[in-house]
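A.B. asks: Our numbering applies: residue 57 is where the sequence shown begins, and numbers increase by one.
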Amino acid sequence: MAGVGKQLLLHNLRPVRPCPGKSAWLDAAVPGPYTTMRTIDGTRIVEFQTHVDRIAQTTRTLAEDIATGRDPKHRVPLASHLVDTLTDQGAVRQLVLEHARQALQHFHGPCDTSQAVPDTRLTVLVNWEADAESDKHMATAYNVDVFVEALPPRPSQPVSVMLRRQPDSMTTKEGKDSKWISQRKYLEAEKGECNEVVLVRDSGACVEGTQTNFFALQRQTLLTAPDQEVLPGTIRKLALAGAQALDVALAMQSPNLQAISTWTSAFLSSTSRLVLPINKVIFVSSHMRRPLIPAMIMLTGANDRRGVWPMEKQIVVHPEVQAAFPELQLQDIYQFDVDPSIERLDKWVQQHLRDTAESVSLEPLS
57 MAGVGKQLLL
67 HNLRPVRPCP
77 GKSAWLDAAV
87 PGPYTTMRTI
97 DGTRIVEFQT
107 HVDRIAQTTR
117 TLAEDIATGR
127 DPKHRVPLAS
137 HLVDTLTDQG
147 AVRQLVLEHA
157 RQALQHFHGP
167 CDTSQAVPDT
177 RLTVLVNWEA
187 DAESDKHMAT
197 AYNVDVFVEA
207 LPPRPSQPVS
217 VMLRRQPDSM
227 TTKEGKDSKW
237 ISQRKYLEAE
247 KGECNEVVLV
257 RDSGACVEGT
267 QTNFFALQRQ
277 TLLTAPDQEV
287 LPGTIRKLAL
297 AGAQALDVAL
307 AMQSPNLQAI
317 STWTSAFLSS
327 TSRLVLPINK
337 VIFVSSHMRR
347 PLIPAMIMLT
357 GANDRRGVWP
367 MEKQIVVHPE
377 VQAAFPELQL
387 QDIYQFDVDP
397 SIERLDKWVQ
407 QHLRDTAESV
417 SLEPLS
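#1: My output table needs one value for S310: the three-state DSSP class, helix, strand or coil.
#2: Using only the alpha-carbon positions, how far apart do S310 and Q407 sit?
#3: Using 10 angstroms around the beta-carbon of E249, count the other beta-carbons present and answer buried if the total reaches 16, otherwise exposed.
#4: Keeping to the same chain, check which residues put their C-beta closer than 8 Å to that of Q222; ignore five residues upstream and five downstream.
#5: In the DSSP output, what is V148 paired with across the bridge?
#6: Flag this pair as yes or no: are the beta carbons of G289 and P174 separated by less than 7 Å?
#7: What residue range does the alpha helix (DSSP H) around P396 cover?
#8: I'd like to know whether the C-beta atoms of V34 and I111 end up nearer to each other than 7 Å.
#9: Does the segment 267 to 284 come close enough to the segment 316 to 329 to have 3 or more Cβ pairs within less than 8 Å?
#10: Got a sec? Which residues, its chain only, sit under 6 Å from Q63 by beta carbon, not counting five neighbours each side?
#11: Closest to T280 by CA distance: which of T266, A261, Q267 is it?
#12: Restricting to Cα atoms, I'd like to know which of L324, V202, T114 is closest to L425.
#13: Provide the residue(s) that pair with A305 in DSSP beta bridges, ordered along the chain.
#14: Going by the beta-carbon positions, is the gap between H67 and D201 smaller than 7 Å?
#15: Starting from W81, follow the alpha helix (DSSP H) in both directions and report where the run begins and ends.
#16: To the nearest angstrom, how far is it from the Cα of A172 to the Cα of I96?
#17: Anyone know if the C-beta pair for V108 and Q145 falls short of 7 Å?
#18: Note the first and the last residue of the continuous alpha helix (DSSP H) segment covering I122.
#19: Starting from V200, trace the beta strand (DSSP E) both ways and give me its first and last residue.
#20: Select from V180, R157, N251 the residue whose C-alpha is nearest the C-alpha of P214.
#21: Kindly identify the DSSP beta-bridge partner or partners of L332.
#22: What did DSSP end up calling R292 once you bin it into helix, strand or coil?
#23: V253 and M218: beta carbons closer than 7 Å?
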């Protein structure tokens, strides 16, 4: 089964041609509840019910924010009967399933059961606007967009992340509102070669990435932020299950940079990255309201630890770092290797993806 194209956008079940790039589509679209899913074996969506729950919960939170005047985007309210529909898990399940099925059918084209179906990444966005003809202050209909693309390859090693202060306005723990996509751009603007930006609180707690969950192994205990403080990703859910299955000690608390000397490994989890070990970490003190703790970078290829944690007054800038990030001020250098327990966890997650995947029919379109 060959894909018709590398990208496809469906708006209310109709293909948009020419297909805009993903960034252009999200920039132009009215923000709303969204989720990003991945397939396994081409036609099975991993943790499908979790994505359904996410759309319903985000809609509920957004509707409450709009009603109470707390929505920073000042979006119009959605008619109450439509809010009821988009917060009902059964209705949302059927809605997302139908739109995902149509999107995959269009993306893959005519079925050929003799060929493997390539895996894809689907971003589903639900939004609404005021009805210009009837009520300019109320939305009486909603839209569903699905953007389909080939699942990108996992980043190759070495993998680096940048640590930045968490914005005060960040509220992803209550669901995924696509307004966050535009808000996170300034965080990612200077990440250079880094794969992700991990957000840090003033206390030094490393909470989550802009598109990922974050874990650190500290004295052989796996640490990650508790459910109520982050958006619990689908792969994070699998990673936690894998840690229990593999008897890896687990504590639901954010890794703290002040204990960096006791970390033995760290990784990201996300739809496309799965469990992705981290080789480099860059902490950026610029653009902070106040310094938290010294900046640092972890470099691969060195056999010794450099610097002493913390180094409050000393600035150490490695030539490699200075060349890659000339505008940044870095204040410490550390290194650690990927722990074998993280490698085992990654393999476990990959093996168990299929256990959580739900089939989506690819019967020919009528």
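Think of the CB as a built atom: it goes at the ideal place given N, C-alpha and C, for glycine as much as any other residue.
C.D. replies: With the structure as the only source:
#1: Locating residue 310 in the sequence shown gives position 254, where the first residue counts as 1. In this structure, DSSP gives S310 a state outside helix and strand, which the three-state scheme calls coil.
#2: For the purposes of this step, residue 310 is taken as the residue at position 254 of the sequence shown. For the purposes of this step, residue 407 is taken as the residue at position 351 of the sequence shown. Roughly 27 Å between the two C-alpha positions.
#3: Counted from its first residue, the sequence shown places residue 249 at position 193. Around the Cβ of E249, a 10 Å sphere holds fewer than 16 other Cβ atoms; the residue is exposed.
#4: Here residue 222 is taken as the residue at index 166 of the sequence shown, counted from 1. Cβ within range, chain order: L255, V256, R257, V263.
#5: Against the sequence shown, residue 148 aligns to sequence position 92. Beta-bridge pairing links V148 to no other residue.
#6: Position 233 of the sequence shown holds residue 289. Position 118 of the sequence shown holds residue 174. Contact flag unset, no.
#7: For the purposes of this step, residue 396 is taken as residue 340 along the sequence shown, with counting starting at 1. Counting along the chain, the alpha helix (DSSP H) containing P396 begins and ends at 396 to 408.
#8: Residue 34 lies beyond the stretch modelled for the chain, which goes from 57 to 422, so this question has no answer here.
#9: The segment 267 to 284, when compared against the segment 316 to 329, does touch it at the 8 Å Cβ threshold.
#10: The residue labelled residue 63 in the question sits at position 7 within the sequence shown. Cβ within range, chain order: C75, E205.
#11: The residue given as residue 280 occupies position 224 in the sequence shown. Put simply, of T266, A261, Q267 the residue whose alpha carbon is nearest the alpha carbon of T280 is A261.
#12: In the structure displayed, the chain extends from 57 to 422; residue 425 sits before or after that span and is not available.
#13: Numbered from 1 along the sequence shown, position 249 holds the residue referred to as residue 305. For A305, which the question treats as bridged, DSSP gives the partners T277.
#14: Within the sequence shown, residue 67 is the residue found at index 11, counting from 1. Within the sequence shown, residue 201 is the residue found at index 145, counting from 1. Contact: yes.
#15: Translated into positions along the sequence shown, residue 81 becomes position 25. Where W81 is concerned, the enclosing alpha helix (DSSP H) stretches over 78 to 84.
#16: On the sequence shown, position 116 is the one that residue 172 refers to. On the sequence shown, position 40 is the one that residue 96 refers to. Roughly 11 Å separates the two Cα atoms.
#17: Walking along the sequence shown from the start, residue 108 turns up at place 52. Walking along the sequence shown from the start, residue 145 turns up at place 89. One thing to note: V108 has its Cβ within 7 Å of the Cβ of Q145.
#18: Here residue 122 is taken as the residue at index 66 of the sequence shown, counted from 1. Here the alpha helix (DSSP H) through I122 covers 104 to 123.
#19: Translated into the one-based positions of the sequence shown, residue 200 becomes position 144. First-last of the beta strand (DSSP E) with V200: 199 to 206.
#20: For this step, residue 214 is matched to residue 158 along the sequence shown. Distance check between P214 and each of V180, R157, N251 places N251 closest, using alpha-carbon atoms only.
#21: In the sequence shown, residue 332 corresponds to position 276, counting from 1. Per DSSP, L324.
#22: By 1-based counting over the sequence shown, the position of residue 292 is 236. Helix.
#23: Translated into the one-based positions of the sequence shown, residue 253 becomes position 197. Translated into the one-based positions of the sequence shown, residue 218 becomes position 162. In this structure, M218 lies closer than 7 Å to V253 by Cβ.
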